[in-house]
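Asker: These protein sequences, in sequence, are chains V and C.
So the first sequence is numbered by our numbering: it starts at 8 and just counts up by one.
So the second sequence is numbered by our numbering: it starts at -7 and just counts up by one.
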Amino acid sequence: MKKAYLGIDIGSISTKGVVMDEAQNILASEYLWTEGDPMGAVKRLLLVLEAQLQGKDYSVVAVGTTGSARKLIGVMTGAAVVKNEITAHAIGTTSLYPDVRTIFEIGGQDSKIILVENGFVTDYAMNTLCAAGTGSFLSSQARRLGVSVEEFGEIALTSKNPTSIAARCTVFAESDLVHKAQIGHKKEDIIAGLCKAVVSNYLNNVGKGKKIKPPIVFQGGVSKNIGVKKAFEDATGYEVTVDPNSHLIGALGVAILAQKSKVEKPFDFNIAEMEFTTKGVECPKCSNHCEIICVYREGALIDSWGNKCDNGAIKVG
Amino acid sequence: MPETPRVSFPQIANYDIPISYLFEKGLDVTYVTPPPITKKTLELGSRYSPDFVCAPFKYCLGNFIETIEQGADTIVQTGGLCRLGYYGELHEQILKDLGYDIKFINLAKAKFSKPLSFYNEFKEINPEMSIKHIAKYLPIAMRMVEYIDKMEDYIRRNVGFEVREGSFEKLFRMCLQEMKTAETRKELDATFRKYAGRIQKLPVNKPKNPLRVGIVGEYYTIMEPFSNHFMEKELAKMGIVVYRYMNISSTILHANQKEARAHIKGYASFDMGATSMFTIDRALEFAKKKFDGIIHVKSFGCTPEMDAMPVLQNISADYHIPILYFSFDSQTSETGIQTRLEAFYDMIMARKEQKR
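This is how it looks when you write it as C-alpha cells:
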C-alpha cells in the first residue's frame, strides 16, 4: 500500500479535493458546488475521490483542510493540518511553479494577492469587504447581459475597443454598463470593459502598494476567464500564467502541508456514510452571547468552539 | 446636603482604575465603572450613532448608555486631537434626545495650555470639590497610569510564554486592586515594586529567538482590546513577543512630538494629525530593530492613520519588514481576522526559519 495525502479546500461557493502521492502527483481530484452545505459537499467529494482511486494501491494517511469551513471539515475528517487559504495557496503554487513571484487570486467572493520570494511568502493582502473585484461581480453582470459566465472570456477577446467602465464600485460599474449598453456599445466591448474593470479594481484595491514582479500566476475561479487574464497582461505588461489545475491549488497546498506534518493516521473514506450534525448554541453567561458551535458524529459530540472565555467551554466526553 | 454625583467616563483598557481613583479621591464623587464591553455595548452604541462615525464614538456611546442605566448621573467625555474633540458635543445631544436626564461634562472645552480651564470643568463635575484633594491625588493617579503601562508592556512581551496559564493576568489584577488603596505616592510605589518583583519571577518558557511583532495605529483601537478583537492576546497565543508603544504614558504624559517628527524626517515632513506621527515613528523604530513584522490597526475611516499607511508601505519596502493592515468597525466576525493573522504568522515564521 502506497502512501497518499488528501487535501480539501472548502470555499463558500465551491469545494475542491485532491489526493496526491508522496511525489506530490495528483492521483484524484474533484471540484463541486458547496451549495451552502459544507459537510454534505465533502461527503459527495469523498465518494467521487474514492471512486477515482479504485483499483489503485493507495492508502490515505493524512488529511489537510483549508477554506472558510476548514475548521468544521477538519474536525469531521480528523485532519492533521487545518490551514488558512493564503498559506495553502502559496504552498500549492510554489510546488508547481518554484520561481513564482506574484500570485493573483480572484474567487467568487474574495480576492487575494500573494508575493513570493525564493519560495516563501513575503507579503499578501486579502479583500473580503468589496464585491467589485470578485467573481460575483462578473457573474451578476453576465446574467444581466444574457451571456453565460463561461463564454465571457472568449467574447471579451473578440473586442477591438473595450468600453471604459467604472472600476471602484459594483454599483457604479453597473450603472455605467447600463448607460453604455443603452447608447449602443457592442456587447463584446462591454464585456471586455468589465474584464478590464475587475483588473483595475484588483490592482488598485488588493494590489495597492504591492510591488508586482514576474513570473505571475493567476488562480481562483475567475482565472478561467481568458478576458480577465488578458486584461491583467495588458495592465501589468507581464505574461500571466493560468494553470489548468488552478482551482485545485489550495487543496494541493494543504495536502502537501499534511504530508510535511508527518502526522499519519489511516483515513477511511467511509466517513462519507456517517452522520455528522452541527448545532449552534448561544452561551447565556454574559452579554457577549458567544455562539458555540458543537459538532456531532453519529450523535456523539466530537468538538466545540466559538467561546471567548472558559465559561462557555463545552467539554467533550 | 447635595447628593454625591455618580460619575462615569468612557471605558478603555484598564485605565478605569486610575480614573476612578482620580474621580473618587480627587473629586469626591462616586465613580460608576462601565460594565465590561461586550457585543451588546457595541450594538447599543452603533444603533444610536451616525453610521459613518468612527468606531470609538460607538463604543463610548455604548458605555455611556450602559452606565446611565446603572445609575450614573454625570457623564464626562474627553477631548482629543482629531474628530475625538467633537465627540462630546454629539454624545451630549444624542443622550439628551434619548431622554436621559444627566449632566454632561465635555473636557474638550479645556486646554492643557490653560490649566485653569480644567479646574472649571472639574468644578462642573462636583461643585463641592476641593483643590487640596485634587492636588494631592492627581499626581498619584498619573503615576498609577505610568505603572500600569509599564506593567502591561512587560506582560505583553511575556504572557505568550507563561508556564501556568493565567498566572500573569491573575497577578496583574491583584496589583490593580491594591493600587487603588494607595493614599500616598510612597504607598503606590511600594505596591508597584512588590508586584513588579512578583511578576518578573513568574516562570516563562521563552525560546531563544522568539518572533517579535510591533503594533502601531490609531489611539483607541490600539488600546481597547475588545475593539481590536483581542489581537494582542491572539498574537501571544501564537507565541509572539508583542511590543506596543502607544499608551497614555507615552502619548499624553510624556509625549514628545518634536522628537518623533525629527526621527521620521526622511519619511514624512508634515504632521498628519492625531497619533499618525507616533505611528510612523514607532514603525520605523521596529523596522530598524529588525522586528519580524508590524501590525497596523485603526478604526474604519480614521483619516490620520489612512494618511500614515503609504508612509508605512515605504518603510516596509525599505526595511523588508512585512506589515499587516487592519480596519475595525462594528462587525464582530472573527474569521477574516483569524485567517489573516494565521497567514501572517505562517509567513513571518517561514521567513525566520529561512534566515537561519
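Backbone N, C-alpha and C fix where the C-beta goes; we use that ideal spot for every residue, glycine too.
1. The beta strand (DSSP E) spanning Q346 of chain C covers which residue range?
2. In three-state DSSP terms, what is N134 of chain V?
3. Give a yes or no on whether 9 Å exceeds the smallest Cβ distance from N91 of chain V to chain C.
4. Can you give, in chain order, each stretch of the alpha helix (DSSP H) that sits fully within the stretch 209 to 293 of chain C and has at least 4 residues?
5. Mind listing the chain C neighbours of T72 of chain V? Cutoff is C-beta to C-beta under 7 Å, in chain order.
6. Can you give, in chain order, each stretch of the alpha helix (DSSP H) that sits fully within the stretch 233 to 313 of chain V and has at least 4 residues?
7. Straight-line CA distance for F114 of chain C to I300 of chain V?
8. Start and end of the beta strand (DSSP E) containing R(-2) of chain C?
9. Measuring CB to CB, does A127 of chain C end up less than 9 Å from N112 of chain C?
10. Note down, in chain order, every chain V residue with its Cβ under 8 Å from the Cβ of Q305 of chain C.
11. Use the C-beta contact count for N326 of chain V: other C-beta atoms within 10 angstroms, 16 or more gives buried, fewer gives exposed.
12. Under 9 Å, Cβ to Cβ, is there at least one residue of chain V near Q346 of chain C?
13. Can you tell me which of C:G77, C:E161, C:F44, C:F292 puts its alpha carbon nearest to the alpha carbon of I97 of chain C?
14. Kindly list the residues whose CB is nearer than 6 Å to the CB of G227 of chain V, restricted to its own chain and excluding five residues on each side of it in sequence; keep chain order.
15. For P27 of chain C, which residues of its own chain have a beta-carbon under 6 Å away from its beta-carbon, when the five flanking residues on both sides are left out?
16. By the three-class DSSP mapping on this structure, what secondary structure does A173 of chain V have?
17. Using a cut-off of 7 Å between C-beta atoms, extract the partners of T213 of chain C located in chain V.
18. I need the straight-line Cα distance from F276 of chain V to A69 of chain V, nearest angstrom please.
19. Under the DSSP definition of a beta bridge, which residues are partnered with Y79 of chain C?
20. For E334 of chain C, go through chain V and note every residue whose CB falls closer than 9 Å to its CB, in chain order.
21. Taking DSSP's pairing of strands, which residues face Q226 of chain V in a bridge?
22. Output, in chain order, the set of chain C residues within a Cβ distance shorter than 9 Å of H296 of chain V.
23. List, in chain order, every chain C residue whose beta-carbon is nearer than 9 Å to that of T129 of chain V.
24. If you draw a straight line from the C-alpha of P42 of chain C to the C-alpha of S66 of chain V, how long is it?
25. Might you give, ordered along the chain, the residues of its own chain that have their beta carbon closer than 6 Å to the beta carbon of G214 of chain V, omitting 5 neighbours on each side?
26. Check whether the Cβ atoms of G54 of chain C and E35 of chain C sit closer than 9 Å, and answer yes or no.
27. Select from the stretch 57 to 83 of chain V all residues with a C-beta closer than 8 Å to any C-beta belonging to chain C, and list them in chain order.
28. Give the interface partners of M133 of chain V over in chain C, defined as CB-CB distance under 7 Å, in chain order.
29. Starting from the beta carbon of A309 of chain C, find every residue of chain V whose beta carbon is closer than 8 Å, and list them in chain order.
30. For C316 of chain V, count the other beta carbons within 10 Å of its own beta carbon; 16 or more makes it buried, fewer makes it exposed. Which is it?
31. Hey, is T237 of chain V's beta-carbon within less than 9 Å of any beta-carbon in chain C?
32. Compute the distance between the beta-carbons of M339 of chain C and T129 of chain V, then report whether it is under 9 Å.
33. Just mark H221 of chain C as buried or exposed, buried being the case when its beta carbon has 16 or more other beta carbons within 10 Å.
34. Can you find a CB in chain C that lies within less than 9 Å of the CB of K315 of chain V?
35. So, is Q3 of chain C buried or exposed, given that buried needs 16 or more other C-beta atoms within 10 angstroms?
36. Could you check which residue in C:M143, C:I244, C:I117, C:F104 has the C-alpha nearest to that of Y23 of chain C?
Answerer: Working from what's here:
1. Here Q346 of chain C belongs to no beta strand (DSSP E); instead the alpha helix (DSSP H) covers 327 to 347.
2. strand
3. yes
4. 211 to 215, 223 to 229, 249 to 255, 268 to 280
5. Under the 7 Å cutoff, chain C gives no residues; its nearest Cβ is about 13 Å from T72 of chain V.
6. 233 to 243, 256 to 267
7. 49 Å
8. -2 to 0
9. no
10. G216
11. Not covered by the structure: residue 326 of chain V. The range shown for chain V is 8 to 324.
12. yes
13. C:G77
14. E112, I113, G114
15. E58
16. coil
17. The premise fails here: T213 of chain C is roughly 17 Å from chain V at the closest Cβ pair, so nothing lies under 7 Å.
18. 12 Å
19. In the DSSP output, where bridge partners are listed per residue, Y79 of chain C has none listed.
20. K90, N91, I93, T94
21. V:E112
22. T30, K31, K32
23. H312, P314, M339, R343
24. 59 Å
25. I120
26. yes
27. S75
28. R332
29. K218
30. exposed
31. It should be pointed out that residue 237 of chain V corresponds to Lys in this sequence rather than to Thr. For K237 of chain V, the answer is no, since every Cβ of chain C falls outside 9 Å of its Cβ.
32. yes
33. buried
34. yes
35. buried
36. C:I117
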